[in-house]
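A short write-up of the structure that comes next.
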Amino acid sequence: MSLVDYAAAARKRVPALQYLTIQPGLWLAWGVIVVAALSAFAPGLLTQYSPIDGIAGAQRLAPQAGHWLGTDQLGRDVYARIVYGASHSLSAALAAVAMGLFVGTAIGVIAGAFAGRVESVLMRLVDVLLSIPSLLLSLTVIILLGFGTVNAAIAVGVASIASFARLARGEVVRIRHADYVEAAYGSGGTFWAVLWRHILPNSLTAVLAFATLQFGQAILALSTLSFLGYGTPPPIPEWGLLIAEGRNYLSTAWWLTTFPGIVVIAVVLATNRISQQLNGGRS
C-alpha cells in the first residue's frame with residue numbers, strides 16, 4: 065500500500081459499533097501485543113530461568129516438560145531467552161519509530177506548511193533518502209556509529225524518517241487547502257494559530273496510524289541487523305540474535321531458530337493487524 069492510499073484509508077471514520085463486534089483476528093493481535101508487552105516489562109512473571117546462565121548437562125534439549133521450547137547449545141532455556149529478549153527488541157523498535165515519527169513529521173509539517181523553496185529543498189532531501197534501500201541506509205548508519213542496540217535503533221529510525229516526512233507533508237498540504245482552514249485565515253487567524261489548532265491535529269491521524277505499521281517493520285529491521293551481527297551483541301537475548309545463534313544447529317536443534325522466528329512473525333503480524341484497524345479496516 066502506498067503512502068497516499070494509506071493516508072486515504074486512515075481518514076475513513078470507523079463506526080463505533082465496529083469495535084463492539086466480535087473480531088477474532090483483532091482480539092488475537094491485541095493478545096499477542098499484551099503478552100509481548102508483559103514479557104518486556106515483567107519477564108520474571110513468565111519464566112523462572114535466567115536468559116544468560118546455562119544449565120549444566122542440559123545442552124540442546126528438545127522441547128519438553130520443564131523446558132517448553134527446549135534449550136540452546138549452552139544449556140540456556142530458549143523460552144526464557146525469548147521472554148527476556150522482548151525488552152530489547154521492543155524497546156529498540158519503539159525508539160526507532162519514535163525517532164522517525166518526530167523527525168520525519170517535523171520535516172513533513174515544515175515542508176507542507178511553508179511550501180515554496182523550503183518545501184522544494186526538504187522534499188528533495190526526502191527523495192534522496194527514499195531512493196536508498198532502507199536496509200542499506202541502516203547498515204551505512206550503523207557502520208558509521210558502531211554496533212550495539214542503541215545505534216541499531218538510531219539506524220532504523222533514520223531509515224524511516226523519509227516515509228514519515230512524505231506522509232506528513234501530504235496530509236498537511238491536503239488540510240492546508242481545506243475550507244475550514246481558509247475560513248480560519250479569513251476570520252483573522254494567524255499562521256501559527258491555524259497551524260497549531262487546525263492543520264496539525266487533523267494531519268497527524270494518518271501519521272500515528274502509520275507509526276503502528278512502522279513498529280512492526282522496525283522489529284523486522286532490527287532483527288535483520290542483529291542476525292547480520294550489527295545489532296545487539298551476545299550474550300544479550302534479542303530475537304534476531306537468537307535466530308542467528310541457532311542457524312548452525314538447524315539439522316540437530318530446529319527449535320533454536322523456529323520459535324524465535326515464530327515470535328517475530330507473530331508480533332509483526334499483530335502490529336500490522338492493529339494498524340489496519342486504526343486505518344479503518346474491517347476483519
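Sequential numbering of the sequence shown, starting at 65, is according to the numbering used here.
The beta carbon of each residue, even a glycine, is placed where N, CA and C say it ideally should be.
Bridge-paired residues (DSSP) for GLN350: With the chain covering 65 to 347 only, the question about residue 350 has no answer from this structure.
Closest residue to TYR294 among LEU200, ASP191 and SER155 (Cα-Cα distance): LEU200
CA-to-CA distance, THR288 to VAL349, given in whole angstroms: Residue 349 lies beyond the range of the chain shown here (65 to 347); nothing can be said about it.
Own chain partners of GLN281 with C-beta closer than 6 Å, once the 5 adjacent residues on each side are dropped: none
Length of the line joining the Cα atoms of SER339 and ALA308: 29 Å
Status (buried if at least 16 other CB within 10 Å, exposed otherwise) for HIS262: buried
Backbone CA spacing between PRO127 and ARG140 [nearest angstrom]: 12 Å
Short Cβ contact (8 Å threshold) for LEU286 with SER153: yes
At least 3 beta-carbon pairs within less than 8 Å: the segment 234-251 vs the segment 263-277: yes
Inter-residue Cα distance where the pair is ALA330 and GLY176: 36 Å
Beta-carbon proximity of ALA270 to LEU231, cut-off 8 Å: yes
PHE105 versus SER114: straight-line alpha-carbon distance, rounded: 16 Å
Continuous alpha helix (DSSP H) stretch holding PHE178: start and end: 142-178
Burial state of ARG337 (16 or more Cβ within 10 Å): buried
Residue environment, GLN112, which counts as buried when at least 16 other CB atoms sit within 10 Å: exposed
Test item: CB-CB of ILE174 and VAL182 under 8 Å: yes
Beta-carbon proximity check, LEU305 vs TYR313, cutoff 8 Å: no
Buried or exposed by the 16-neighbour rule on C-beta atoms within 10 Å, applied to TYR83: A caution first: TYR83 carries a pLDDT of 47, below 50, which makes its placement in the model too unreliable to give a value.
Counted within 10 angstroms of its Cβ, other Cβ atoms place LEU272 as buried (16 or more) or exposed: exposed
Of the residues ASP191, TYR143 and LEU189, the one placed nearest GLU302, counting alpha carbons only: TYR143
Within the segment 239-297, ranges of the alpha helix (DSSP H) (whole runs, at least 4 residues): 243-250, 255-258 and 264-292
Identity of the residue in THR213, ALA216 and VAL222 nearest VAL192 by Cα: VAL222
C-beta contact flag for PHE228 and LEU138 at 8 Å: no
Exposure label - ILE218; buried when at least 16 CB within 10 Å: buried
DSSP bridge partner residues for GLN128 (one or two, in chain order): HIS131
Coil, strand or helix - GLY108 by DSSP: helix
Whole-angstrom distance between LEU194 and VAL96, CA atom to CA atom: 31 Å
8 Å Cβ shell around PRO298 - same chain, five flanking residues per side excluded: LEU305 and GLU309
Range of the contiguous alpha helix (DSSP H) that encloses SER315: Here SER315 belongs to no alpha helix (DSSP H), and DSSP marks it neither H nor E.
Alpha-carbon to alpha-carbon, ILE119 and PHE274: 43 Å
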